[in-house]
Amino acid sequence: MKKNWSRKEVYEAVWKEPVSIIAARFEVSDVGLAKACRRSAIPVPPRGYWARLRAGQTPERPPLPPPPDGRPDRLFFGRDTSLVVAPHSPSQDDDEDDELPGEPPAFPDDLVERTERAGQQVRRVGVPSLRKRIHPAIASIVKREEERRGQGSPRWDPYNPPLVESRWEMRRLRLLNALFLAFERLGLHPEVGRSGRPTEVSVLVDETRVPLMLEPPRVFRRRYRSYAISNPLELRIASEWKPDEAHGIWEERKLPLEKQLRDIVIAVLVAGETLRRERELERYKLKLELVELRKQQERDRLEAVEKARVEELFADARAFRVANEIREYVGAVRARDREKCSPETESWASWALTKAAAIDPILSLREGQDRRRSPRSPWAIRQPECAIRDERASLVSRASQLQGP
15 MKKNWSRKEV
25 YEAVWKEPVS
35 IIAARFEVSD
45 VGLAKACRRS
55 AIPVPPRGYW
65 ARLRAGQTPE
75 RPPLPPPPDG
85 RPDRLFFGRD
95 TSLVVAPHSP
105 SQDDDEDDEL
115 PGEPPAFPDD
125 LVERTERAGQ
135 QVRRVGVPSL
145 RKRIHPAIAS
155 IVKREEERRG
165 QGSPRWDPYN
175 PPLVESRWEM
185 RRLRLLNALF
195 LAFERLGLHP
205 EVGRSGRPTE
215 VSVLVDETRV
225 PLMLEPPRVF
235 RRRYRSYAIS
245 NPLELRIASE
255 WKPDEAHGIW
265 EERKLPLEKQ
275 LRDIVIAVLV
285 AGETLRRERE
295 LERYKLKLEL
305 VELRKQQERD
315 RLEAVEKARV
325 EELFADARAF
335 RVANEIREYV
345 GAVRARDREK
355 CSPETESWAS
365 WALTKAAAID
375 PILSLREGQD
385 RRRSPRSPWA
395 IRQPECAIRD
405 ERASLVSRAS
415 QLQGP
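This note's numbering puts the first residue of the sequence shown at 15, with every later residue one more than the last.
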């Protein structure tokens, strides 16, 4: 099942059948599909649409508008890591998978225009007190840490004290709270990671997750000591699939972070678009590599099949030669003992000719005994040669025992 669909395909699908039915086709929940349609400005049938349609009415169907600013014309369902270059196994989707992905993805505007639009969207970002306005995600952290502080003696682990006991940690929570509230006003989705700690926060910009790191500077610099901030912070915009890269760094060299929050919010919006474009280009490159890999696997498979057929041909030729040598050898033994041919010699000769017939590939094909193994297993093809050597050694041993010097 393909993971990306054009807006036109999704639009036609949701107006052809109810979302609850077609969601399984997109491998997503009906709620997730409805959210994706809202984010991409794809109209969906209103409540009661299908009932009016069944009643014979012709309800109005709005046209598909152009995509919102900065939004792609395609929808991707599933996680970004779903594309994995795996060993090729033939399937009914081979024709689709082996098609070249076409032209690289094109983007309607440059990042400068995106930055200008983001600047128009973002107003002043203040830092309210946690007692006045607090985001639910930050409120859950504060509540948990308050409960830790009131758990009696010993009240906390000295190596992991409650965050509310640290002025530095509370400042970080206030900054994150201000950012989270600003993101919510823009329709974005900030969240704290599974650990529930402020060290793991991110923002979902459309379909792109933008991780944020608000930590002490990695290398403490002397110049910080000349400012009023005794414990400076550093904010980094990271990448979900390239954690070592930073799409923006804000330090407290001249200004505290409280006065740089508007620039940070604008940068997060632009970073979401940047990461989305990088992800689409990476998908395109992975698709090219995947198609080339599968073509190379097919070339290797055909080469292995041809090599196996040649090895099998050589093995048949050697088996045919050995079978004829056995017959000649038996004939020579009989000619030597023509006048005094013992029953033991005749028994040996009959056994030897039976073995020659079993080895002879021509007789095997005549009798409908296809002894050829699968060409995918070179070891299975070499196996008859080992059997021929074993049979030859057995024949020589038994002949020497019967005839003597």
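The beta carbon of each residue, even a glycine, is placed where N, CA and C say it ideally should be.
Cβ neighbours of residue i in the same chain (closer than 7 Å, five flanking residues each side left out)
i      : result
Lys22  : Leu78
Pro375 : Asp330, Ala333, Phe334
Pro32  : Trp64
Leu89  : Asn18, Trp19, Arg21, Val24, Ala50, Ser54
Spatial neighbours of residue i in its chain, beta-carbon cut-off 8 Å, leaving aside the 5 residues before and after
i      : result
Ser364 : none
Ala100 : Residue placement at Ala100 is poorly supported in this model, since its pLDDT is 34, which falls under 50; the coordinates still yield a value, given next. The answer is none, since no qualifying residue turns up.
Arg66  : Pro73
Phe197 : His203, Pro204, Val217, Val279, Val282
Alpha-carbon spacing of residue i relative to residue j, whole angstroms
i      : j      : result
Arg293 : Ala285 : 12 Å
Arg138 : Asp277 : 10 Å
Pro270 : Arg131 : 25 Å
Val344 : Glu306 : 57 Å
Lys309 : Leu302 : 11 Å
Ala370 : Arg297 : 60 Å
Glu287 : Val219 : 8 Å
Pro246 : Ser154 : 25 Å
Lys354 : Thr368 : 23 Å
Lys299 : Ile36  : 30 Å
Ser34  : Ser216 : 30 Å
Lys268 : Leu275 : 14 Å
Val126 : Leu295 : 19 Å
Glu248 : Pro57  : 42 Å
Gly140 : Lys146 : 12 Å
Pro122 : Thr129 : 14 Å
Val136 : Arg52  : 21 Å
Ser378 : Ala372 : 7 Å
Leu360 : Leu327 : The residue you asked about is not Leu; residue 360 is Glu in the sequence shown. Answer to the nearest angstrom: the Cα atoms are 33 Å apart.
Ser240 : Lys157 : Reliability fails at Ser240, whose pLDDT of 40 lies under 50, so the model's placement of it is uncertain and the value that follows must be treated cautiously. Using only the alpha carbons, I get a separation of about 35 Å.
Cβ distance (whole Å) where residue i is taken to contact residue j below 8 Å
i      : j      : result
Leu177 : Glu159 : 4 Å
Glu179 : Arg199 : Between Arg199 and Glu179 the Cβ distance is about 31 Å, and since that is not below 8 Å, they are no contact.
Leu195 : His149 : 6 Å
Pro212 : Leu187 : 6 Å
Ala55  : Pro82  : 5 Å
Trp29  : Pro59  : 6 Å
Ile340 : Ala322 : With 8 Å as the limit, Ile340 and Ala322 do not qualify as a contact, their Cβ atoms being about 26 Å apart.
Paired residues, beta bridge with residue i - DSSP
i      : result
Pro225 : Ser216
Val206 : Val215
Ala422 : In this structure the chain extends from 15 to 419, so residue 422 is not present and cannot be described.
Leu89  : Trp19
Glu294 : Glu294 is not bridged to any residue.
Glu265 : Glu248
Close beta carbons around residue i, own chain, < 6 Å, minus the five adjacent residues each side
i      : result
Met184 : none
Gly262 : Ile251, Ala281
Gly133 : Ile280
Ala27  : Ile36
Glu265 : Glu248
Thr222 : Gly286, Leu289, Arg290
Count the CB pairs spanning the region 64-84 and the region 33-51 that are closer than 8 Å, and state whether there are at least three. For the pair of segments examined, the region 64-84 was found not to touch the region 33-51: the number of CB pairs separated by less than 8 Å stays below three.
Pair every Cβ in the region 291-310 with every Cβ in the region 201-219, then say whether three or more of these pairs are closer than 8 Å. Touching, no, given that fewer than three Cβ pairs across the two stretches are closer than 8 Å.
Do the region 220-233 and the region 312-321 make contact, defined as three or more Cβ pairs closer than 8 Å? When C-beta atoms of the region 220-233 are compared with those of the region 312-321, fewer than three pairs fall below 8 Å, so the two segments do not count as touching.
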